[in-house]
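In our numbering, the protein residues as written are 4 to 338. For every residue, glycine included, the Cβ atom is placed at its ideal position computed from N, Cα and C. Here is the structure we will look at, set down as structure tokens.
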Amino acid sequence: MDPVIVVGAGIAGISCARALAEAGVAVQVLDRAGQPGGRMDSPQHAGRPVDTGASYFTVSDDRFDRVVRDWQRRGLARPWSDTFEVYEHGATRRTAGPSRWAADAGLRALVQDLADTAGLSVERAGVELVARAGSGLTVDGRPASAVLLAMPDPQARAILQPALAAERAGLYARFDPVLVLSAGWPERVWRRFDGMFVNGDERLSWIADDGSRRGDGAPVLVAHSTTSWAASRLTTQDEDDATQLATQDEDDAAQALLQALQDVLDIDTAPSWTRLDRWPHAKPAAGRAASFQLWPSLVGACGDGWSERPRVEAAFLSGLLLGQAVARRLGRPGS
Ligand SMILES: Cc1cc2nc3c(=O)[nH]c(=O)nc-3n(C[C@H](O)[C@H](O)[C@H](O)COP(=O)(O)OP(=O)(O)OC[C@H]3O[C@@H](n4cnc5c(N)ncnc54)[C@H](O)[C@@H]3O)c2cc1C
Numbered sequence: 004m005d006p007v008i009v010v011g012a013g014i015a016g017i018s019c020a021r022a023l024a025e026a027g028v029a030v031q032v033l034d035r036a037g038q039p040g041g042r043m044d045s046p047q048h049a050g051r052p053v054d055t056g057a058s059y060f061t062v063s064d065d066r067f068d069r070v071v072r073d074w075q076r077r078g079l080a081r082p083w084s085d086t087f088e089v090y091e092h093g094a095t096r097r098t099a100g101p102s103r104w105a106a107d108a109g110l111r112a113l114v115q116d117l118a119d120t121a122g123l124s125v126e127r128a129g130v131e132l133v134a135r136a137g138s139g140l141t142v143d144g145r146p147a148s149a150v151l152l153a154m155p156d157p158q159a160r161a162i163l164q165p166a167l168a169a170e171r172a173g174l175y176a177r178f179d180p181v182l183v184l185s186a187g188w189p190e191r192v193w194r195r196f197d198g199m200f201v202n203g204d205e206r207l208s209w210i211a212d213d214g215s216r217r218g219d220g221a222p223v224l225v226a227h228s229t230t231s232w233a234a235s236r237l238t239t240q241d242e243d244d245a246t247q248l249a250t251q252d253e254d255d256a257a258q259a260l261l262q263a264l265q266d267v268l269d270i271d272t273a274p275s276w277t278r279l280d281r282w283p284h285a286k287p288a289a290g291r292a293a294s295f296q297l298w299p300s301l302v303g304a305c306g307d308g309w310s311e312r313p314r315v316e317a318a319f320l321s322g323l324l325l326g327q328a329v330a331r332r333l334g335r336p337g338s
């Protein structure tokens, strides 16, 4: 039998591929980045990882809890904070919530671990076309018994041939963009906090103290824009293709976010470095009731767009459930 091809090595794609591998199904994972992580990205900057995508994760489902407890036992993940600050009209207050989890080596390391512990490798491939071929499917010409798209809807729709019309029509969710500014100072010049929701600012929505999150105390802040401000700074040449999105003026955007960050935290010294990350498809604009989709063609879709509460945990579960459903469909219900 041809392998199942999973396109996308974010947490949904890796969770999906794990479920298939555990059921004894031959699976290949392709990602244009050539490594696991996706929006749980933690690039190295100034000698340490910085979480430039997802900030943290929460746990409410037993199936994800088992995975997280295993990460905790092996020192990969730890509870970070249950109390953040809220900044509004120049004042801050504290707000308690669920335990938010972080990873000392960055969130990407957790997705890498999920891949490694299942013996999965990720092949670098920017997929261009998923097509019907006779009674089967191909991914850029490679035959596949099923093709599972683990990515935001606009990215998935963009690679489906027009003849896969029902599948394209089902991938209708809109995703909103976010711009993320990371900045490092020679020393901490702000009072200690873990994370701060920013209300009422057109530019900023959230600030994380990355040194607190990472546990190394490094004087690094990560600021997320509002989705509406990011949308106003991004031009879309082709709404289906994330790679076609470009900032009108990246330096200008970084400077505006830095100014907002410094205003909120009352910082009057310049950082020693900054970087700007663009997430054209950061978050689904709305949730969905279904956890995944598997069409009769054996094209499937999973990811955080398949949840009423789109986030890391939802993406993990969506991938797991799709992987299990495909294994059953292929007659491999697993152990
Ligand atoms: C700025 C930001 C802040 C966030 N904050 C939080 C938070 O605090 N807590 C939380 O729980 N969640 C947060 N999220 C959401 C969280 O990151 C996502 O829910 C989760 O990571 C989604 O995983 P996924 O596997 O569904 O998709 P992704 O991680 O997006 O994975 C999709 C993968 O598909 C690949 N891909 C796309 N097109 C192709 C192609 N044509 N060929 C090959 N590969 C392709 C991409 O390279 C990517 O690796 C945040 C996201 C962003 C961007």
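Item, Value
"Beta-carbon spacing of A211, S18 below 9 Å", "no"
"Validate contact between the segment 114-123 and the segment 22-33 using beta carbons, cut 8 Å, 3 pairs", "yes"
"Three-state secondary structure (DSSP) of L132", "coil"
"Cβ neighbour criterion (16 or more within 10 Å) applied to M43", "buried"
"Cβ distance (whole Å) where G326 is taken to contact L79 below 8 Å", "Not really, about 22 Å apart at Cβ, beyond 8 Å."
"Candidates R145, G40, P165: closest to V154 by CA position", "Note that residue 154 is Met in the sequence shown here, rather than Val. Among R145, G40, P165, the Cα nearest to that of M154 is on G40."
"Helix, strand or coil at A233 according to DSSP, with G and I counted as helix", "helix"
"Cβ contact (3+ pairs, closer than 8 Å) linking the segment 140-160 and the segment 57-75", "no"
"Secondary structure of T246, DSSP reduced to three states", "Bear in mind that the predicted position of T246 carries a pLDDT of just 40, short of 50, making it unreliable; the figure below should be weighed with that in mind. DSSP places T246 in helix when its eight states are reduced to three."
"S84 - containing alpha helix (DSSP H), residue span", "Careful: S84 lies outside any alpha helix (DSSP H), inside the beta strand (DSSP E) at 81-91."
"M199 CB to nearest heavy atom of ligand 1 below 8 Å", "no"
"Burial state of M421, where buried means 16 or more other Cβ atoms lie within 10 Å", "Since the first and last residues shown for the chain are 4 and 338, residue 421 lies out of range."
"Residue interval of the alpha helix (DSSP H) (run including L268)", "253-268"
"Run of the beta strand (DSSP E) containing F200, from where it starts to where it stops", "198-201"
"Separation of G93 from G306, as counted between CA atoms", "37 Å"
"Three-state secondary structure assigned by DSSP to S18", "helix"
"Simplified DSSP assignment, three categories, for P157", "helix"
"Of the residues V114, G122, G203, G220, the one placed nearest S231, counting alpha carbons only", "G203"
"Residue burial classification, E170 (beta-carbon count within 10 angstroms, cutoff 16)", "buried"
"Exposure label - A172; buried when at least 16 CB within 10 Å", "exposed"
"At least 3 beta-carbon pairs within less than 8 Å: the segment 281-288 vs the segment 305-319", "yes"
"Cβ-heavy atom distance, L325 to ligand 1, below 8 Å", "no"
"Cβ-heavy atom distance, P155 to ligand 1, below 8 Å", "yes"
"C-alpha gap between T61 and G137, whole angstroms", "44 Å"
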